[in-house]
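So in this note's numbering, the last one in the sequence shown is 1819, and the numbering has no gaps at all. Down below is the structure, laid out as structure tokens.
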Amino acid sequence: MKKFLFILFFFIFLNFSYSNALDVKEINYHKDNKAWLVIDDNLPIVAIKFAFKAGSGIDPIGKKGLANMTASLLDEGAGNYSAKEFKKILADNSITLNFNVTHDNFYINLYTLKENLDLSFKLLDLALTQPIFKLEEINRVKGNIKLILEQSYKDPDAISSRLFREILFDNHPYKYDTLGVSEDIDKIEKKDLEYFLKNNLTIEKLFVAASGDIKESELKKYLKEYFIKFDNKKKVNEIPRYNKKINSETFFHEKDLRQSSILFAGKGISKKDPYFYPAYVMNYILGGGGFFSRLTTEIREKKGLVYSVYSYLYRYDKYDFFSGGAQTSNENVDKVIKIIKDELNKVKNKGVTEKELNDAKNYLINSYVLRLDSNKKVASILLNTQMDGLGTDFFKKRNDYINSVSLEDIKEVAKKILDEKQIFFLIIGNPSNLKNITKI
């Protein structure tokens, strides 16, 4: 009991501190461009995250992997610094600067001591405007990427992920791995990398979020000095909208494994949809709550058929979907799928209990502060919230959004998302006695 009260007090204290401390500043640094900032001068550290709308989804046909390769090469020498020298000056000054891509975004992550902000931005500027793209480094990075892709065709999880995307996204750009396609990697040349930087990293599609020991005036100064130059008015490539209607079907890919992987997907929901938070709470109860979820209780705790089972709401810029998965022994695949379907139908037809709803609300509200215990995490959440098109007041409203979810709201959204006729299953493994399947 004492332990429970301590944990409860800890959550309440942190939640109180967080709600009073997370004062989000919005800085207009150029035309309509705004950066978000949370000032925290407890330590002389600054975390800044940037995102251009230039992920792998805009890779041209025949050059899949271009965005990722560009990101992978930006710290491999810039200006007068070789790859080794560039990385050494970062390390010597305790500066973390890295680049990565998702399907939608091209990310820059900067983490530095306050005293090294000037140097950090100068090095970032060199990487973005004067990358060397030395042939030796290009070939080395190509080799690394191709090796990872080659190994992924032997890894069960990677195979599952690839087949899942191919089923879900058909011929849409989202179906490709962010790393690209091996045969395309060989075709990418220095001029392609330079073209990508020049034409896709535009300020029109830039989002910035910072947290730490930096003033509004300082951040604004750096952004004006180093990023206004990206206002180049170039035509920005756009990822096409995707509107696939998912149909009920079970796909099977045979693989000689001791366990089978099960993935499923159905209709999702936009974060701007009025029913997003009912869906968010519903998913926590169904499969997003780990050991406290219905799927875990029914399939793992009561039946002992899996080690883990889960569900989540996934959002791309151009498509949202509900998904989940599990791993089980080959002989239990049909049983696990049946229970998953049964649990989806129970929530759709009967909803959830008041206790489940209250427990979910309490967890989702009180645990949120634990995602904000570092400047890096705060900057990341600020960036994601900004890209979602939500205002700086979101952090004051979030708890109210969750608290306002009712039992009826969950019933309503469950009817939209948990329709068995609009959910497909994918099985990878060597199960027996499967019926009505499509082999792939």
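Beta carbons are placed, not taken as given, at the ideal position from N, Cα and C, and that holds for glycine.
Beyond the five residues adjoining it in sequence on each side, Lys1594 comes within less than 8 Å, by CB distance, of Ile1418 in the same chain, given in chain order. Around the Cβ of Phe1670, a 10 Å sphere holds fewer than 16 other Cβ atoms; the residue is exposed. Comparing C-alpha distances from Val1685 to each of Gln1765, Leu1674, Glu1787 and Glu1628 shows the shortest one belongs to Leu1674. When the beta-carbon positions are compared, Asp1454 and Asn1477 come within less than 8 Å of each other. Following the DSSP letters along the chain, one finds Val1748 in no alpha helix (DSSP H), marked with neither H nor E. Here Glu1494 has Pro1423 as same chain residues with Cβ atoms under 8 Å from its own Cβ, once five neighbours each way along the sequence are excluded. Its Cα nearest to that of Asn1724, the residue Ala1793 stands out among Tyr1659, Asp1788, Ala1793 and Glu1680. Gly1808 and Lys1651 do not touch by the CB rule: their CB atoms are close to 38 Å apart, not below 8 Å.
Taking C-alpha positions only, Asn1763 is separated from Ser1451 by approximately 22 Å. Cβ contact annotation for Lys1599 (same chain, cutoff 6 Å, sequence separation greater than five): Ile1406 and Tyr1408, in chain order. The beta carbons of Asp1798 and Gly1667 sit no closer together than 8 Å. Between Leu1514 and Ile1806, the alpha-carbon positions lie close to 42 Å from each other. If you draw a straight line from the Cα of Lys1727 to the Cα of Gly1434, it is about 35 Å long. The shortest CA-to-CA distance from Ala1537 to any of Asn1472, Ser1473, Ser1640 and Ile1468 is the one to Ser1640. A residue is called buried once 16 or more other Cβ atoms fall within 10 Å of its Cβ, and Glu1733, having fewer, is exposed. Under the criterion of beta carbons closer than 8 Å, Ile1437 and Asn1616 qualify as touching, at roughly 4 Å. In the same chain as Ile1564, and ignoring 5 residues on each side of it, the C-beta atoms closer than 6 Å to its own belong to Gly1444, Lys1521, Ile1524 and Lys1525, in chain order. A straight-line Cα-Cα distance of about 20 Å links Lys1404 and Ile1582.
Apart from sequence neighbours up to five positions away, the residues of its chain that approach Tyr1555 with a beta-carbon distance below 6 Å are Lys1443, ordered along the chain.
Cα atoms of Pro1653 and Phe1774: separation of roughly 17 Å, rounded to the nearest angstrom. Taken atom to atom, the span from the alpha-carbon of Trp1415 to that of Lys1818 is near 48 Å. Where Glu1633 is concerned, the enclosing beta strand (DSSP E) starts and stops at Glu1628 to Glu1633. Judged by DSSP secondary structure, Ile1564 falls within the alpha helix (DSSP H) whose first and last residues are Ser1561 to Ile1564. Using a Cβ distance threshold of 8 Å, Asn1711 and Ser1690 do not count as a contacting pair. In this structure, the CA atom of Val1731 is about 9 Å from the CA atom of Glu1787. In this chain, the beta strand (DSSP E) harbouring Val1480 covers Thr1475 to Val1480. Taking Phe1500 as the centre and dropping the five residues before and after it, the same chain places the C-beta of Tyr1601 and Tyr1605 closer than 6 Å to its C-beta, in chain order.
A straight line joining the alpha-carbon of Ser1759 with that of Asn1815 spans about 44 Å. Taking the Cα of Phe1609 as reference, the smallest distance to any Cα among Gly1591, Leu1585 and Asn1778 is reached at Leu1585.
As computed with DSSP, Lys1646 is found in a beta bridge with Phe1700. When beta bridges are read from the DSSP output, Arg1694 appears opposite Asp1699. DSSP places Lys1569 inside the alpha helix (DSSP H), whose first and last residues are Lys1569 to Asn1579.
Cβ contact annotation for Asp1571 (same chain, cutoff 7 Å, sequence separation greater than five): Lys1442 and Leu1445, in chain order.
If you draw a 10 Å sphere on the C-beta of Lys1432, you find 16 or more other C-beta atoms in it, and that means buried.
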